[in-house]
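Quick notes on the structure that follows.
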Amino acid sequence: MKVLVAIKRVIDHNVRVRIREDHSDVDLTHAKMAMNPFCEIALEEAVRLKEQGIADEVVAVSIGDKSVQEQLRTAMALGADRALHVNSDTAVDSLGAARVLAEVVKRENPGLVLLGKQSIDSDSSQTGPMLAALTQLPQATFASKITIDGDRLEVTREIDGGLETLAMSLPAVVTTDLRLNEPRYAKLPAIMKAKKRPIESLEIDTLGVDVTPRQALIRVDIPRERQAGVRVASVDELIDRLKNEAKVI
Amino acid sequence: MSDTRILVIAEQEKGHLSSATARVMDAASRLGGSVDVLVAGSQANEAAQKAARLTGVSGVISVEDSAFDHMLAENMGALIVSLAEPYTHLLCASTTSGRNVMPRVAALLGVGQISDVIAVESADTFVRPIYAGSVLATVRSLDDKKVITIRPTAFEPVGEQDAASVSSEASTGDQGLVTFIDEQLAGGERPELGGARVIISGGRGLGSAENFRLIEGVADRLGAAVGASRAAVDAGYVPNDLQVGQTGKMVAPELYIAAGISGAVQHLAGMKDSKVIVAINSDEEAPIFQVADYGLVADLFQALPELERKL
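Which chain is which? The protein sequence lines are A and B, in order. Just so you know, we're using full-length UniProt numbering here: the first sequence kicks off at 1 and counts up by one. Just so you know, we're using full-length UniProt numbering here: the second sequence kicks off at 1 and counts up by one.
This is the structure in structure tokens:
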């Protein structure tokens, strides 16, 4: 079985995001970029499926300008067999990404598609379910456990009240939650080897899909910061202030 | 705008309407226009009667069929799309169910989705947090039909009215793509994290699962829900559905007490809209003190039992 993993290049999660002075957008110049953490988890799961003999090929795909090849090389250093770069000079939104990925699914015919549950830049959490809809495949979002037996997939999902387990047949689309696994680090020899490996490139406008953005960004703002309040000296003072000043207990 | 027609997709379980529905109604009322509510699943008719009493509801569509239990995306998606035609806006809470179902609906309709809206500027312009809540984006939808998920804690629950009419619609049935196997819910008598008025959360500072009892002791005095930081969840002190933060639950109670939580951005993203924040930490440099209204530098193992005793 072939596993397709979608990878997104995003600002490193440790970087404090700034906005442009004119509030037109966030300012990513010189910001450190990295693979989206949930995509790392998706890739790790795919590599583990290969190590268990369930998957025979892991294909990483990313959409964006040439810079995303950096993350595709990381993916190969971490165990992806092949990388596919869908070249686009402009950013695509979730629906655009899902439409592109649906074309890639048609072409590659994977038994399983893994994506992160959300990217930490847009926090939209849409691409996986949108891809499942466009390919008419079953979906399992927020997966914390994946079990594959032949063409049957059992997925435990993180839901608001706890966990739920769903069964579906493959092919299917699964998005990964934080607790699915602990991604490994790339080893230096693997990083060196991945540098020389070819990356297949596709031009986005050859795919025949409409990737026009569905939303216009009007402005961005930094939320009003909360101010530090007062230090209380004792539990008694805390209770007193919560009762008589804040009136919340 | 009189031509605005909104469909709110409610969640229900065994006839109980989700508490988020009244908050999504608040967001819907800010769009103007008429609002219908869709309730689907086993015992949907019972929950539909409750939805009909929410202020601002024009009509309720009830589809009683077990195919819609657990909000299975494949079945709910097909149902919502079958009903979508007359509506300009489709709204659902950005719970794990809403975030599972609505993007599927949007893609089937060929439109984008606006996720996790915290403010309504107009019928096509919305504010939503990005980058773990460190930036607020104002976005305008360019689609004729708008698919939107609403962050419940950013809105107030609406009140009650004389019941609107409830009608039944035909089920689109089970799409046969997914089978529900089982669920493991972390039940309990304490209030649910999402709707609690008071929350007390513990972090790595508690040191062990046993010590989380100190948190529970205070929670029971206050009638509070118990939460946790990701560090406490990853260390195995509590199950992960208690996690508050970017990758857990977003909460905005009247009082949030953070005990033994340093205050990483990830955690703050989930609770910084609380009305009053209290931090109890032995490290006076902990970043949580920068957002806390009341900070107490103290040893948790003395402060928490004292708090429980004196409340």
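Here a beta-carbon is modelled for each residue, glycine too, at the ideal position from N, C-alpha and C.
Check                                                                                                                     : Outcome
Spatially closest choice to residue 209 of chain A from A/92, A/116 and A/223, by CA coordinates                          : A/92
Interface partners of residue 289 of chain B on chain A, CB under 7 Å                                                     : 228
Of the listed residues B/21, B/202 and B/311, nearest to residue 97 of chain B (C-alpha basis)                            : B/21
Pairwise C-alpha distance: residue 178 of chain B and residue 174 of chain A                                              : 13 Å
Residue closest to residue 165 of chain B, alpha-carbon to alpha-carbon, out of B/115, B/52 and B/39                      : B/52
Any chain B beta carbon closer than 8 Å to residue 171 of chain A                                                         : no
Amino acids of chain A, ordered along the chain, whose beta-carbon sits closer than 9 Å to that of residue 106 of chain B : 94, 95, 126, 129, 130, 133 and 214
Limits of the beta strand (DSSP E) - the one that residue 149 of chain A falls within                                     : 139-149
Residue 86 of chain A versus residue 211 of chain A: straight-line alpha-carbon distance, rounded                         : 13 Å
Beta carbon of residue 200 of chain A nearer than 8 Å to that of residue 83 of chain A                                    : yes
Residues near residue 217 of chain B in its chain [Cβ-Cβ closer than 8 Å; skip 5 each side]                               : 304, 305 and 308
Cβ distance (whole Å) where residue 54 of chain B is taken to contact residue 158 of chain B below 8 Å                    : 6 Å
CB of residue 199 of chain B within 8 Å of CB of residue 229 of chain B, strictly                                         : no
Given 8 Å, three or more beta-carbon pairs between the region 131-149 of chain A and the region 112-123 of chain B        : no
Chain-ordered neighbours of residue 164 of chain A on chain B, where CB pairs are closer than 9 Å                         : 70, 180, 181, 182, 183, 184 and 185
C-beta neighbour in chain B for residue 161 of chain A, strict 8 Å                                                        : yes
Residues within the region 197-226 of chain B neighbouring chain A, beta-carbon criterion of under 7 Å                    : 222
Simplified DSSP state of residue 67 of chain A, which is helix, strand or coil                                            : helix
Beta bridge counterpart(s) of residue 10 of chain A as assigned by DSSP                                                   : A/34
Minimum C-alpha distance to residue 234 of chain B - residue among B/215, B/220, B/208 and B/223                          : B/208
Short CB-CB distance (under 8 Å) between residue 235 of chain B and chain A                                               : no
Nearest-angstrom Cα separation, counted from residue 252 of chain B out to residue 153 of chain B                         : 6 Å
Reduced DSSP category for residue 76 of chain B - H, G, I as helix; E, B as strand; rest coil                             : helix
Residue 267 of chain B burial status per 10 Å Cβ neighbour count (16 or more: buried)                                     : buried
Every unbroken beta strand (DSSP E) within the region 67-104 of chain A, with a cutoff of 3 residues, ordered by chain    : 82-87
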